[in-house]
Amino acid sequence: MIFFSIGYGELIRAIPGAGAFYKYLTVIFGRGVGAGAAWVALASYLAITTAIAVASGYYTNMTMQGFGIDIGWAAWTVLYVGAICYLGRANIDFAAKILVPLVLAEFFVLFLLGISIFLDKGLNAFPVQAISVDAIMLPGLGVGLMVALASFLGVESAALYAMEARKPAKTIPHATRLAVVLVGVAYLIIIWLIIGEVGFDSIKDEAAIAKGGLVINLFTTRLGSTMATIVSLMLCTSNFCCLLSLHNAATRYVQVLAKDRHLPNVLSHVHETKKSPANASLLVTVLVALTIIVSSSLGYDAFVFLFPVTVALSTLGLIGLQTFVTLGVVVHFKKANDKRYFKTLLSPLIALAGLSTAVYLIYDNYGMLTGSESAWVNGTPLLLVVLFLYGIIKGRFRKADSSGIK
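Next up, the structure:
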């Protein structure tokens with residue numbers, strides 16, 4: 001992902017404007033390919049937004065049960081979706097004022113846990129076995145890779161805010177690279193420390209026994225029950241942050257597609273005072289809510305069924321698009337005869353090799369990721385193919401609009 005962010009950052013500078021994947025693939029490969037990519041991106045962001053909405057309700061209800069409050073995951077999901085609907089209509093600065101303090105607080109408590117483990121165990125908190133080739137190649141590599149890459153989903157979406165950002169040619173590439181480095185380094189260190197605390201040989205069994213409570217249990221042991229309670233509540237705010245950021249990304253794709261006449265133009269309109277894509281935000285909210293309602297009404301457990309299916313679909317779609325865009329970086333700067341070989345050739349080629357491998361492993365393990373044996377469920381990647389082809393056909397036979405991407 002670091003190598004991806006290097007080449008991607010240069011592409012953002014070279015091709016200004018909003019639209020992210022849509023914009024860049026349109027310029028490099030043509031309007032049809034760009035439109036196909038935009039439809040895949042929109043479907044993927046809607047899927048992951050749905051997944052996080054369900055997870056937010058589920059984990060919040062589980063957390064609040066400890067305080068004697070049990071209103072069901074569905075009620076919490078409704079509250080989350082309602083809050084996101086309101087905040088999604090706010091401007092980018094207001095959303096940032098909500099997200100940034102919460103994210104910084106989450107990193108801070110993880111830092112406290114890491115320091116506690118390190119002060120007790122020293123360098124033994126970093127077992128070499130955890131990063132050995134043998135450990136990496138253990139069974140379940142595809143699933144582990146999907147979970148790891150899912151942590152970076154949306155990192156490319158900073159380019160969607162070009163119309164709202166100050167000095168986008170400078171701030172967006174820097175924000176993208178900084179996000180990848182900070183998230184990657186933070187996760188690497190804290191997970192390594194957790195493995196060192198629990199024990200390399202014991203971590204898998206302990207995680208299975210804890211059933212999602214492993215980290216909370218470590219906070220209880222290391223920093224006390226009060227801190228563990230705070231962290232449990234912060235898990236809820238963490239899900240909220242993810243939900244808001246992914247909702248905003250999906251909203252911007254709706255806006256850009258509408259602006260270029262792939263969707264009704266009314267969805268491209270911005271709020272008169274808040275300058276946010278309010279109509280697009282409302283549509284995303286409705287689509288997410290309908291997906292959850294329909295799934296539940298058909299008798300499917302929204303968390304057990306809908307969550308893994310939507311996470312798997314969105315991860316495959318977005319990582320696939322990242323792979324495609326990385327190829328686009330190489331093609332674009334090759335045509336431009338760019339001489340910055342590390343930034344525009346070597347880094348993208350390394351990223352291309354890694355992301356291509358990831359796409360193969362995710363697809364090869366798709367049934368394990370969804371947790372289903374249904375041919376219909378495990379055939380959902382075909383939806384991405386259909387949307388991509390639909391975008392290509394519609395994009396090629398549609399006349400350019402002066403309001404759209406040039």
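Heads up: the sequence shown begins at 1 in the numbering used here, then just goes up one per residue.
Ideal placement from N, C-alpha and C gives every residue a C-beta, glycine not left out.
Can at least three beta-carbon pairs, one atom from the region 27–37 and one from the region 187–200, be found at a separation below 8 Å? no
With DSSP collapsed to three states, give me the class of residue 332. helix
With DSSP run on the structure shown, which of helix, strand or coil describes residue 402? Summary for residue 402: the model assigns pLDDT 39, below 50, so the residue's position carries little reliability; its value from the coordinates is reported in the next sentence. Residue state, collapsed to three classes: coil.
Taking only runs of the alpha helix (DSSP H) that begin and end inside the region 168–251, which ones reach a length of at least 4 residues, in chain order? 168–198, 203–210 and 214–223
Relative to the C-alpha of residue 253, which residue among 1, 45, 2 and 222 is closest? 45
Count the other C-beta atoms from every protein chain shown that fall within 10 angstroms of the C-beta of residue 57, then say buried if there are 16 or more, exposed otherwise. buried
Near residue 205, what residues of its chain come up, given a Cβ to Cβ distance below 7 Å and the 5 sequence neighbours on each side ignored? none
Residue interval of the alpha helix (DSSP H) (run including residue 34): 31–65
Taking 8 Å as the threshold, find out whether the region 277–286 comes into contact with the region 76–88 through three or more Cβ pairs. yes
Suppose the cutoff is 8 Å on Cβ atoms and the five residues either side in sequence are ignored; what does the same chain contact list for residue 404 look like? Low local confidence applies: a pLDDT of 46 at residue 404 is under 50, so the model's placement there is unreliable, with the coordinate-based value given in what follows. Around residue 404: 259, 260 and 261.
Whose C-alpha, out of 84, 59, 2 and 126, is nearest the C-alpha of residue 152? 2
Give me the Cα-Cα distance between residue 256 and residue 209, rounded to the nearest whole angstrom. 46 Å
So for residue 70, helix, strand or coil by DSSP? coil
Counting along the chain, where does the alpha helix (DSSP H) carrying residue 367 start and finish? 366–370
Alpha-carbon to alpha-carbon, residue 117 and residue 445: The structure shown has nothing for residue 445, since the chain only spans 1 to 406.
Three-state secondary structure assigned by DSSP to residue 139: coil
Complete runs of the alpha helix (DSSP H) confined to the region 296–365 [at least 4 residues]: 307–335 and 347–364
Could you check where the alpha helix (DSSP H) with residue 381 kicks off and where it finishes? 381–396
Closer than 9 Å to chain C by CB, residue 314: Structure shown: chain C not included; a single protein chain is present.
Near residue 422, what residues of its chain come up, given a Cβ to Cβ distance below 8 Å and the 5 sequence neighbours on each side ignored? The structure shown does not extend to residue 422, since the chain is modelled only from 1 through 406, so no value can be given for it.
How about residue 145 and residue 358: do their beta carbons lie closer than 9 Å? yes
Going by DSSP in three states, residue 13 sits in which element: helix, strand or coil? helix
Does the Cβ of residue 314 have 16 or more other Cβ atoms within 10 Å, making it buried, or fewer, making it exposed? buried
Range of the contiguous alpha helix (DSSP H) that encloses residue 378: 375–378
Return the residue from the list 317, 51, 216 and 173 that minimises the CA-CA distance to residue 382. 317
Do you know offhand how far residue 69's Cα is from residue 40's? 39 Å
Decide if residue 135 is buried, meaning its Cβ has at least 16 other Cβ atoms within 10 Å, or exposed. exposed
Using beta-carbon positions only, say whether residue 100 and residue 302 come within less than 9 Å of one another. no
Helix, strand or coil: how does DSSP classify residue 263 here? coil
How many angstroms separate the CA atom of residue 350 from the CA atom of residue 36? 25 Å
Keeping to the same chain, check which residues put their C-beta closer than 8 Å to that of residue 214; ignore five residues upstream and five downstream. 194, 198, 206 and 207
Just to confirm, is the Cβ distance from residue 311 to residue 43 under 9 Å? no
Is the beta carbon of residue 234 closer than 9 Å to that of residue 106? yes
According to DSSP, is residue 272 part of a helix, a strand, or is it coil? coil
Could you check how far apart the C-beta atoms of residue 180 and residue 155 are, in whole angstroms? I think they sit under 8 Å. 6 Å
In angstroms, rounded to a whole number, what distance separates the CA positions of residue 277 and residue 84? 13 Å
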